[in-house]
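The structure appears below as structure tokens.
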Amino acid sequence: MGVARILSEQGDGGGANALLDQVIAEAPRYTEAYDLLAQNLTDDGNYPDAAGALEKAVAISPRNFNRLHHYGTALLRSGEATRAVEPLQRAVDIGRGNSFFGPEAMVDLLQARCESGQTQQLDRLQHDIAARQGELPGGPLTMAVCRALTALAQQRPQQAQIHLAEGAEWIAAPETDFGSALRFLSAAAKLPEGHGAERAPDWARSIALRFADGRHELGTLLEVAAPRPACADAVSAAYAELQDKSRAALEQANQGKLEAAAAMLRGEAMRTLNCRLGMYGCAMLLRIAENRQEAGQDFAGEMQSLRELLHWLPHDNERVRGFVKRRQALIRHED
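Note that full-length UniProt numbering gives residue 89 to position 89 of the sequence shown, counting from 1, and the numbers run on in steps of one.
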């Protein structure tokens with residue numbers, strides 16, 4: 001089990017899952033093995049199989065709040081909103097009396113009820129979520145989406161449009177994460193014609209420019225945008241634009257135009273808040289700064305650009321932490 005955890009942390013989900021299958025075969029009631037298997041499957045975007053693994057774990061341990069929540073979320077992401085309601089409701093009921101209970105499970109439950117047409121308790125759920133808005137991942141954007149989903153489920157599309165328009169102002173906010181942006185896109189793609197549907201592709205483009213870092217993210221965005229083809233087209237176009245920018249920067253760097261490549265990446269990253277472009281930009285800026293340091297030249301401009309990028313890049317990312325350490329080493333050398 002320990003080796004499987006290490007492989008998972010290193011990104012070798014396939015190797016970890018092979019070991020976990022062996023563990024489960026030998027100890028079929030070892031719930032932590034199902035949990036890790038489900039997490040790896042979720043990371044790969046395989047929500048149906050993740051839900052299947054968690055279903056077995058929940059049958060063994062039916063009152064574990066986190067496991068119920070993850071099971072319900074996997075079902076929801078698999079397009080099985082009706083089945084997701086029951087485990088999410090149980091997670092909320094069990095979690096309410098515990099200090100570790102946050103509003104995320106209530107948000108997932110609200111979405112599942114809205115998407116499955118089970119509109120009872122929506123107003124209470126929305127009130128409970130609003131009371132804990134400060135703890136919400138995605139902050140104001142997520143709250144706006146909750147209100148929009150409720151309005152759509154209650155056949156009030158005009159009100160849903162208003163809530164989503166308010167939430168759209170937070171797409172570029174630092175507290176907005178991929179999960180909350182996905183939830184926003186899911187609601188926007190469901191707006192009916194004549195009630196804000198024409199704005200949804202622009203929102204889809206902004207979200208994709210920020211979060212479409214790779215094929216997995218692209219696939220997830222396209223899946224969520226599928227109800228409105230114009231949104232899916234906007235996501236695909238934004239991803240292609242990001243790929244073109246990355247290739248252009250690489251070509252410039254290979255031609256020895258490192259400063260131009262770094263400037264382009266820094267500008268595009270600041271415009272879109274795309275983490276991949278931001279990390280590419282940091283890598284090039286650090287290379288330039290370190291070269292100039294060795295040559296005894298000024299590199300204040302590169303340090304300022306690095307500060308701006310590292311201000312919003314996720315510091316829980318191992319690569320970003322490496323950039324921070326290299327920048328700190330340059331600062332110490334200046335002193």
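Idealized CB from N, CA, C, for every residue including glycine.
- For M279, the closest of D213, E294, A168, Q252 by C-alpha to C-alpha distance is D213.
- In the structure shown, A226 adopts coil according to DSSP, grouped into three states.
- DSSP places F101 in the coil class of the three-state scheme, outside both helix and strand.
- The Cβ atoms of P174 and L136 lie no closer than 9 Å to each other.
- Two segments are said to touch when three or more pairs of C-beta atoms, one from each, lie closer than 8 Å; by this definition the stretch 254-262 does not touch the stretch 222-234.
- In the three-state reduction of the DSSP assignment, T119 falls in the coil class, being assigned neither a helical nor a strand state.
- A direct Cα-to-Cα measurement between A91 and N64 gives close to 8 Å.
- When C-alpha distances from N40 are compared across P62, D12, F184, the shortest belongs to D12.
- Burial check for R332: the Cβ neighbour count within 10 Å stays below 16, so the residue is exposed.
- In its chain, beyond the 5 residues on either side, A151 have a beta carbon closer than 6 Å to the beta carbon of Q159.
- Selection P28, H69, E32, P201 evaluated against F100 yields H69 as nearest (Cα-Cα).
- When the Cα atoms are used, S305 and H315 turn out to be separated by approximately 17 Å.
- With a threshold of 16 other beta carbon atoms within 10 Å, V235 meets it and is buried.
- Assigned with DSSP and collapsed to three states, A57 falls in helix.
- Here the alpha carbons of R5 and L36 stand approximately 8 Å from one another.
- A residue is called buried once 16 or more other Cβ atoms fall within 10 Å of its Cβ, and A269 is buried on that count.
- Short of 6 Å from the beta carbon of A168, and not among the five residues preceding or following it, lie these beta carbons of its own chain, in chain order: W203.
- Annotated three-state conformation of A173 is coil, per DSSP.
- In the DSSP annotation of this structure, S78 is not part of any alpha helix (DSSP H), being labelled neither H nor E.
- Counting along the chain, the unbroken alpha helix (DSSP H) around Y280 starts and ends at 275-294.
- The beta carbon of G196 sits closer than 6 Å to the beta carbons of Q161 from its chain, once the five residues preceding and following it are set aside; these are given in chain order.
- By alpha-carbon distance to G138, the top candidate from A112, E115, H127, V107 is V107.
- Per the coordinates, the alpha-carbon of V320 lies some 20 Å from the alpha-carbon of H216.
- Within the stretch 127-204, the complete alpha helix (DSSP H) segments of 4 residues or longer fall at 140-153, 157-168, 178-188, listed in chain order.
- By the 16-neighbour rule on beta-carbons within 10 angstroms, G296 is exposed.
- In this structure T176 touches L141 by the C-beta definition: roughly 5 Å separates them, less than 8 Å.
- A residue is called buried once 16 or more other Cβ atoms fall within 10 Å of its Cβ, and M284 is buried on that count.
- Under the DSSP assignment, L309 falls in the alpha helix (DSSP H) whose first and last residues are 300-312.
- For Y34, the uninterrupted alpha helix (DSSP H) segment begins and ends at 31-43.
- Around the beta carbon of M143, a 10 Å sphere encloses 16 or more other beta carbons of the protein chains shown; the residue is thus reported as buried.
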